[in-house]
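Undergrad:
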Amino acid sequence: MTQPIVTRFAPSPTGALHIGGARTALFAWAFARKHGGKFILRIEDTDQRRSSKDSAAGILRDLQWIGIDWDEGPMPAEGDPGGYDHQKGESGPYFQSQRLDIYNQHIEALRKGGFAYEDQGAVRLRMGKDITHDDAVFGTITVPGKDLEDFVIKKADGFPTFHLAVVVDDALMGTTHVLRGAEHLPNTPKHAALLDALAQVMPNPEKYARPVWAHMPSIMNPGGSKMSKRDKAKVAREAAQKAGLGMGVVQGMEDALFASFMKKETDDKGLAEVIAAHLGVTLPEIEVLDFAKSGYLPAAILNYIALLGWNPKTEVERFDLPEFIERFTLEGIHKSNSTFDREKLFRFNAERIAALTPAAFSTRAAGLAPAEFAGLMQDETKWHLFCKAYQPRARTLSEPFRIGRFFVAAPVWNFADKGVAKAGFGPGGEAPGLLAQMQAAFATLPENGFGKAAHDWIAAQAAENPAIGMGKWAGALRVAISGSTTTPDLEISLDLLGQKETLKRMAGCLGNVPK
Ligand code: GLU
-8 MTQPIVTRFA PSPTGALHIG GARTALFAWA FARKHGGKFI LRIEDTDQRR
42 SSKDSAAGIL RDLQWIGIDW DEGPMPAEGD PGGYDHQKGE SGPYFQSQRL
92 DIYNQHIEAL RKGGFAYEDQ GAVRLRMGKD ITHDDAVFGT ITVPGKDLED
142 FVIKKADGFP TFHLAVVVDD ALMGTTHVLR GAEHLPNTPK HAALLDALAQ
192 VMPNPEKYAR PVWAHMPSIM NPGGSKMSKR DKAKVAREAA QKAGLGMGVV
242 QGMEDALFAS FMKKETDDKG LAEVIAAHLG VTLPEIEVLD FAKSGYLPAA
292 ILNYIALLGW NPKTEVERFD LPEFIERFTL EGIHKSNSTF DREKLFRFNA
342 ERIAALTPAA FSTRAAGLAP AEFAGLMQDE TKWHLFCKAY QPRARTLSEP
392 FRIGRFFVAA PVWNFADKGV AKAGFGPGGE APGLLAQMQA AFATLPENGF
442 GKAAHDWIAA QAAENPAIGM GKWAGALRVA ISGSTTTPDL EISLDLLGQK
492 ETLKRMAGCL GNVPK
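This note's numbering puts the first residue of the sequence shown at -8, with every later residue one more than the last.
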């Protein structure tokens, strides 16, 4: 009988789930599912200082949100939402902090067998020999013994190191394939040496056979830096610098924290968010939760990240999970780093959003609506129109609230804006004249069916006098109602605003335009 496939995802709970972590989890999960194997979730919380229960619960919640499930590990239990104290599986516990006895037994065996020794309170594994290990992605790698120092497997504080714990757990949990980020490739000779030594000192050596290692390439920003949670601080800091933001300006911001943030001593995420909100800049999404808050659909994210570091070897790039599972192979993973292309993710997301049922769009978008949309949402007809206006064009579920803010807030006209000037509001432009004609005509239209009537009126004018096309009329009207040259479908937009508000904005625009 062939051995069943066992893979695992082993996050360290020192922060939220990074999009790269989600990609690693997805690949390990898909590989197990494809082969009818088992996918284990293990929380690597031996770094007591940096680990937290909240972060572990957050990672599990984010995995669930994106649609990855696991067969063994901490499980959400009834009466314990987000607590994950309940654990399921035959090789638990699945929190490393609860497995210290197991690690100590292994360390002791290595020490007794002469493979490890005490060094100022710590225990080190003896190295010295060349190590060769295979990697399903990177091939066969040999590291000469002279480059491999004896390394710590038990720290002076009594805790095992990551290396010891990960190796022991993978062995005892029957992991056959270790899929993880390429940053762990340099750790692999150590893990191979540890397994080889354990196979010689433990009573059941077959358990300590080396797994198949497959390291995933890193995910980079278009600029070439590694995509990291620090990117948010970077963007906020640059925006603060550009705006000349000083201390004491932003409410609730601590001066000392701000000062050290600007000196790059801290990348405090909360502060980055406060600065961004104050300056109206958007921070890049890095963690799964960021993407959720911005209104990306799990299916779009999964489809997109599946293509990061993995080549489907066909032209078809759009697929759902079952299809991905079927197609996924370790051979398809490539060595070179991949670049996170936000425009492409936008396209994937927009397509999935457009394909939602109107009811699903409405519910999902409603969950992300800011407070100022409360009034609009209470009016069922208006909310329906808002959804109809944006579902076909929204790149994220939160975008409509940003670009469609003019539906709930008075527009601001900037006639110096290039686009606005080009729409006929520049010196000597024809837009004010067209607007005045529309204003007079629209005032006489019926309130009911106003949008269509207004649209038909414009179409009739354009047909009568082709020198002034639809685009010119519509452009002037768009600026008047929204302050910008882009609005959703005009008919829908006018119905959403209503006749009265439309006329009010037209008058306001005419009153403001420089003579
Ligand atoms: N805990 C490690 C990390 O979060 C994972 C180690 C592994 O997958 O082997 O990077």
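Using N, Cα and C, we set each Cβ at its ideal position, and we do this for glycine too.
Do you know whose CA, among A385, E197, P361, lies nearest V399's CA?
TA: Residue P361 is the option with its Cα nearest to V399.
Undergrad: Is R115 helix, strand or coil when you go by DSSP?
TA: Looking at R115 - three-state DSSP - the assignment turns out to be strand.
Undergrad: Hey, out of R386, Y287, K220, A231, whose CA is closest to D259's CA?
TA: Answer by Cα proximity: K220.
Undergrad: Taking the alpha helix (DSSP H) that W56 belongs to, which residues open and close that run?
TA: Per DSSP, W56 belongs to the alpha helix (DSSP H) from 44 to 57.
Undergrad: Going by other Cβ atoms of all chains shown within 10 Å of its Cβ, with 16 needed for buried, is M238 buried or exposed?
TA: Looking at its Cβ environment, which holds fewer than 16 other Cβ atoms inside 10 Å, M238 is exposed.
Undergrad: Pull up the DSSP beta-bridge partners for E278, would you.
TA: H9.
Undergrad: Note down the Cα distance separating F339 from N294, rounded to an integer number of angstroms.
TA: Whole-angstrom Cα-Cα distance: 8 Å.
Undergrad: According to the Cβ coordinates, are I296 and R14 closer than 8 Å?
TA: Yes, they are a contact pair.
Undergrad: What's the call for T(-7), buried or exposed, on a 16-neighbour Cβ count within 10 Å?
TA: Looking at its Cβ environment, which holds fewer than 16 other Cβ atoms inside 10 Å, T(-7) is exposed.
Undergrad: Kindly indicate which three-state DSSP category Q78 falls into: helix, strand or coil?
TA: Correct three-state label for Q78: strand.
Undergrad: Using the Cβ count rule (16 or more neighbours within 10 Å means buried), how would you classify T37?
TA: Under this definition T37 is a buried residue.
Undergrad: Which whole runs of the beta strand (DSSP E) in the region 84 to 130 are 3 residues long or more, in chain order?
TA: Fully enclosed beta strand (DSSP E) runs of 3 or longer: 107 to 110, 113 to 116, 122 to 126.
Undergrad: Comparing the CB of E35 with every heavy atom of ligand 1, is any distance shorter than 7 Å?
TA: Indeed, a heavy atom of ligand 1 lies less than 7 Å from the Cβ.
Undergrad: Any contact of the region 52 to 64 with the region 172 to 186, i.e. 3+ C-beta pairs under 8 Å?
TA: Flag = no, the region 52 to 64 and the region 172 to 186 do not touch.
Undergrad: Return yes when the Cβ of L170 is within less than 8 Å of the Cβ of A19, no when it is not.
TA: Yes, these two residues count as a Cβ contact at 8 Å.
Undergrad: Taking all protein chains shown into account, decide if V240 is buried (16 or more other Cβ within 10 angstroms of its Cβ) or exposed.
TA: It counts as exposed.
Undergrad: Between the region 315 to 322 and the region 343 to 350, are three or more C-beta pairs nearer than 8 Å?
TA: In short, these stretches do not touch, since the Cβ pair count stays below three.
Undergrad: Examine the Cβ distances between the region 24 to 43 and the region 321 to 336 and report whether three or more of them are shorter than 8 Å.
TA: Not touching, per the Cβ criterion.
Undergrad: Note down the Cα distance separating N178 from A356, rounded to an integer number of angstroms.
TA: Rounded to the nearest angstrom, the two C-alpha atoms are 44 Å apart.
Undergrad: With contact counted as at least three CB pairs below 8 Å, one residue from each stretch, are the region 481 to 495 and the region 442 to 456 in contact?
TA: Segments in contact, yes.
Undergrad: Quick one: Cα of Q87 to Cα of G286, how far?
TA: Cα to Cα, Q87 sits roughly 34 Å from G286.
Undergrad: For the alpha helix (DSSP H) containing M497, list its first residue and its last residue.
TA: Segment 490 to 503, the alpha helix (DSSP H) holding M497.
Undergrad: Would the beta-carbon of G165 be found less than 7 Å away from any heavy atom of ligand 1?
TA: G165: no, Cβ never under 7 Å from ligand 1.
Undergrad: With a threshold of 7 Å on Cβ separation, who are the neighbours of F315 within its own chain once the five nearest residues in sequence on each side are excluded?
TA: The answer, listed in chain order, is A21, A297.
Undergrad: Are there any heavy atoms of ligand 1 lying less than 7 Å away from the beta-carbon of S216, as far as the coordinates show?
TA: Because no heavy atom of ligand 1 lies under 7 Å away, the Cβ of S216 does not count as near it: no.
Undergrad: Would you kindly work out how many angstroms separate the C-alpha atoms of Q428 and V265, rounded to a whole number?
TA: Rounded to the nearest angstrom, the two C-alpha atoms are 46 Å apart.
Undergrad: Would you report the Cα separation of A267 and G235, rounded to the nearest angstrom?
TA: One C-alpha to the other measures close to 13 Å.
Undergrad: Starting from K463 and walking both ways along the alpha helix (DSSP H), at which residues does that stretch end?
TA: Where K463 is concerned, the enclosing alpha helix (DSSP H) stretches over 461 to 473.
Undergrad: Could you check how far apart the C-beta atoms of L359 and L336 are, in whole angstroms? I think they sit under 8 Å.
TA: 17 Å between Cβ atoms; not a contact.
Undergrad: Run the CB neighbour count on K145, radius 10 Å, all protein chains shown included, and call it buried at 16 or more, exposed below.
TA: Answer is buried; the Cβ neighbour count reaches 16.
Undergrad: Since I believe G466 is in contact with V403 (beta carbons under 8 Å), could you give me their beta-carbon distance rounded to a whole number of angstroms?
TA: No, V403 and G466 are not in contact; Cβ-Cβ is about 18 Å, not under 8 Å.
Undergrad: Counting along the chain, where does the beta strand (DSSP E) carrying M207 start and finish?
TA: First-last of the beta strand (DSSP E) with M207: 203 to 207.
Undergrad: Name the two residues that bound the continuous beta strand (DSSP E) containing G64.
TA: Where G64 is concerned, the enclosing beta strand (DSSP E) stretches over 64 to 66.
Undergrad: From E363 to P391, what does the alpha carbon distance come to, in whole angstroms?
TA: Whole-angstrom Cα-Cα distance: 13 Å.
Undergrad: Just the Cα atoms here: how many angstroms apart are R396 and I472?
TA: Looking at the two C-alpha atoms, the distance is approximately 11 Å.
Undergrad: Counting Cβ pairs, one atom from each stretch, are 3 or more of them under 8 Å apart for the region 3 to 13 and the region 37 to 46?
TA: The answer is yes - the region 37 to 46 touches the region 3 to 13, with three or more Cβ pairs under 8 Å.
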